[in-house]
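Asker: So in numbering that gives the first Met the number 0 the end of the sequence shown lands on 369, straight run, no missing numbers.
Sharing a structure, written as structure tokens. Questions coming.
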Amino acid sequence: MRIAIDARLNAYRQGGIAQYTRQLLAALAPCAPDDELVALQHYRQARPLVVAPNVRRAALLTPPHNRYEQWGLPLELWPRRLDLLHCPDFIAPRRRPCPAVITIHDLAFLHFPEILDASARRFYGQVRAAAHDADAVITVSQATRQDIAGLLDLPPERVDVVYEAAAPSFTPLDLPPGDTRTINGRELEASSFLLFVSTIEPRKNLETLLRALRVGLDRRPKGGLRLVAAGARGWLDEPIYALARELRLDDAVVFLGGVGAEDLLWLYRACRIYLNPSLYEGFGLPALEAMACGAPSVVADTSSLPEVAGDAAVVVPTSDVAAWAETITRLWGDEAARADLAQRGPARAAQFSWGRAARETLAVYRRVAT
């Protein structure tokens, strides 16, 4: 089979969908040695996304999310004699020379429509038609599968759940006592901070965490609680920073901004507790990355987070400030409980793998192609 994977977004972004595309393509290559995998990359990304004997880079002119994409992309695909097209970025061209599989990672933009600007609203406004038009739909959790059935009126039996995984680099590593690292000009010491990893935006529910931190500090002023937030600024983020100031958390919260891959690994391995209070996650990859690194983890009881965490994390009601404060302060001082979670995390993360995801995705391809 000649299978094309739309990787044009990787020339513009390095977030969740771009990482999903790269990791999936890399894992597919050894699973499908007799198939040709065509990475459809935008021409501005000169390097091949994945180097393997059966992976070929094809440079396209049509940028992702372009208003003329539904016309330009089919024209570029038609001469390539494809057997199947996989679009990991939600939308496939309606006019296409072969069957198409799409991946719907989440429907956050339907739960929180205010997160979209006009351009994004135009692009993601196609998702209902794209889901019904696709030859197969893949999603990354049972929670999102239920969302697709409920919000897009697509029968659940038409949706295949293929779980994501943490990249192989996310592994535990015992750091020496007192290990320090300077990240974006801020010096941090291992085991001295709580960790939050995400873009700073309302959907990630950092406000609940800030309020819980204030409660914890008031209960134990000398307890040493400190929160490190690693993530770039997002939409409507100013009220979040204003709340931190209002709660007098200037000395207790470190906003690092975006961090590199090596720094992120250190943060996961060095944090005393990892916290994910999100209001909604299609999969919750940072939670899985944290657990893979052995970080004792606490997650919200919403969407896909309990499904991904299993019994390897503490699950707390999403917006219950008192419950978050109690859990944080209890775990902060309970070394045995943290050690138990640190042991459970990697074992849980090991149940998810890109090899398995590739095999299950390939099975969808073969079903569609035949």
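By construction, the Cβ of each residue, glycine as well, lies at the ideal position given by its N, Cα and C atoms.
Since we're looking at a predicted model, the values are computed, not measured.
Taking only three categories from DSSP, how would you classify Thr-61?
Answerer: By 1-based counting over the sequence shown, the position of residue 61 is 62. Thr-61: coil per DSSP, three-state reduction.
Asker: In the segment 35-90, which residue ranges form an unbroken beta strand (DSSP E) of at least 3 residues, counting only runs that do not cross its ends?
Answerer: Complete beta strand (DSSP E) runs here, min 3: 35-41, 54-59, 83-86.
Asker: Would Leu-361 count as contacting chain C if we go by Cβ distances under 8 angstroms?
Answerer: No chain C appears in this structure, which consists of one protein chain only.
Asker: Please determine, among Phe-254, Leu-330, Leu-242, the residue with the shortest C-alpha to C-alpha distance to Ser-296.
Answerer: Counting from 1 along the sequence shown, the entry for residue 296 is found at position 297. When each option's Cα is compared against that of Ser-296, the closest is Leu-330.
Asker: Go through its chain and collect everything with a Cβ distance to Leu-76's Cβ below 6 angstroms, but skip five positions before and after it.
Answerer: In the sequence shown, counting from the first residue as 1, residue 76 sits at position 77. Same-chain partners within the cutoff: Pro-96.
Asker: Can you tell me the Cβ-Cβ gap for Arg-56 and Ala-28, rounded? I've got them flagged as a contact below 8 angstroms.
Answerer: Here the question's residue 56 lines up with position 57 in the sequence shown. Here the question's residue 28 lines up with position 29 in the sequence shown. Rounded, the Cβ-Cβ distance is 13 angstroms, inconsistent with contact.
Asker: By DSSP's criteria, Val-320 is part of a beta bridge. Which residues make up the other side?
Answerer: Counting from 1 along the sequence shown, the entry for residue 320 is found at position 321. Answer is none; Val-320 lacks a bridge partner.
Asker: Hey, how far is the Cα of Ala-251 from the Cα of Phe-282?
Answerer: Locating residue 251 in the sequence shown gives position 252, where the first residue counts as 1. Locating residue 282 in the sequence shown gives position 283, where the first residue counts as 1. Between Ala-251 and Phe-282, the C-alpha separation is close to 29 angstroms.
Asker: On the CB-based measure, 16 or more other CB atoms within 10 Å of its CB, does Tyr-267 come out buried or exposed?
Answerer: Locating residue 267 in the sequence shown gives position 268, counting from the first residue. So Tyr-267 ends up on the buried side.
Asker: Leu-226 by DSSP, collapsed to three states: which one?
Answerer: Walking along the sequence shown from the start, residue 226 turns up at place 227. Residue state, collapsed to three classes: strand.
Asker: Return the residue from the list Gln-141, Asn-53, Ala-148 that minimises the CA-CA distance to His-131.
Answerer: In the sequence shown, counting from the first residue as 1, residue 131 sits at position 132. Comparing Cα-Cα distances from His-131 to each of Gln-141, Asn-53, Ala-148, the minimum goes to Ala-148.
Asker: My assumption, with CB atoms under 8 angstroms, is that Cys-292 sits in contact with Phe-169. Please give the rounded CB distance.
Answerer: Position 293 of the sequence shown holds residue 292. Position 170 of the sequence shown holds residue 169. With a Cβ gap of about 5 angstroms, Cys-292 and Phe-169 count as contacting.
Asker: Out of curiosity, what's the CA-to-CA distance linking Ile-101 and Arg-1?
Answerer: Mapped onto the sequence shown, residue 101 falls at position 102. Mapped onto the sequence shown, residue 1 falls at position 2. The alpha-carbon atoms of Ile-101 and Arg-1 are separated by roughly 17 angstroms.
Asker: Which first and last residues belong to the beta strand (DSSP E) in which Glu-186 is found?
Answerer: Against the sequence shown, residue 186 aligns to sequence position 187. First-last of the beta strand (DSSP E) with Glu-186: 185-188.
Asker: In this structure, does DSSP put Asp-159 in helix, strand or coil?
Answerer: One-based indexing of the sequence shown puts residue 159 at position 160. Three-state DSSP puts Asp-159 in a strand.
Asker: Around the C-beta of Thr-369, are 16 or more other C-beta atoms found within 10 angstroms, so that it is buried, or is it exposed?
Answerer: Start at 1 with the first residue of the sequence shown, and residue 369 comes out as number 370. So Thr-369 counts as exposed.
Asker: Which residues does DSSP pair with Ala-299 in a beta bridge?
Answerer: Counting from one through the sequence shown, the residue named residue 299 turns up at place 300. According to DSSP, which records beta bridges pairwise, Ala-299 is partnered with Val-315.
Asker: With a threshold of 8 angstroms, are at least 3 pairs of Cβ atoms found where one atom belongs to the segment 272-279 and the other to the segment 194-205?
Answerer: Counting Cβ pairs under 8 angstroms, three or more are found: they touch.
Asker: According to the neighbour-count rule (16 or more other Cβ atoms, all chains shown, within 10 Å of its Cβ), is Gln-40 buried or exposed?
Answerer: Start at 1 with the first residue of the sequence shown, and residue 40 comes out as number 41. Buried, since its Cβ has 16 or more Cβ neighbours within 10 Å.
Asker: Using the three-state DSSP reduction, which class does Phe-195 fall into: helix, strand or coil?
Answerer: Counting from one through the sequence shown, the residue named residue 195 turns up at place 196. In this structure, Phe-195 counts as strand in the three-state DSSP scheme.
Asker: Can you name the start and end residues of the beta strand (DSSP E) that Thr-138 belongs to?
Answerer: Residue numbering aside, residue 138 sits at position 139 when the sequence shown is read from its first letter. Segment 135-138, the beta strand (DSSP E) holding Thr-138.
Asker: Would you call Arg-366 buried or exposed, if buried means 16 or more other Cβ atoms sit within 10 Å of its Cβ?
Answerer: Position 367 of the sequence shown, counted from the start, is the residue given in the question as residue 366. Exposed, by the Cβ-count rule.
Asker: Mind checking Leu-74: buried by the 16 CB within 10 Å criterion, or exposed?
Answerer: Along the sequence shown, read from residue 1 onward, the residue named residue 74 stands at position 75. Exposed.
Asker: Could you tell me the distance, in whole angstroms, from the CA atom of Glu-245 to the CA atom of Leu-209?
Answerer: As a working note, residue 245 is residue 246 in the sequence shown. As a working note, residue 209 is residue 210 in the sequence shown. Going by the C-alpha atoms only, they are around 10 angstroms apart.
Asker: Note the first and the last residue of the continuous alpha helix (DSSP H) segment covering Phe-254.
Answerer: In the sequence shown, the residue the question calls residue 254 occupies position 255. First-last for Phe-254: 252-256, but that is the beta strand (DSSP E), not the alpha helix (DSSP H).
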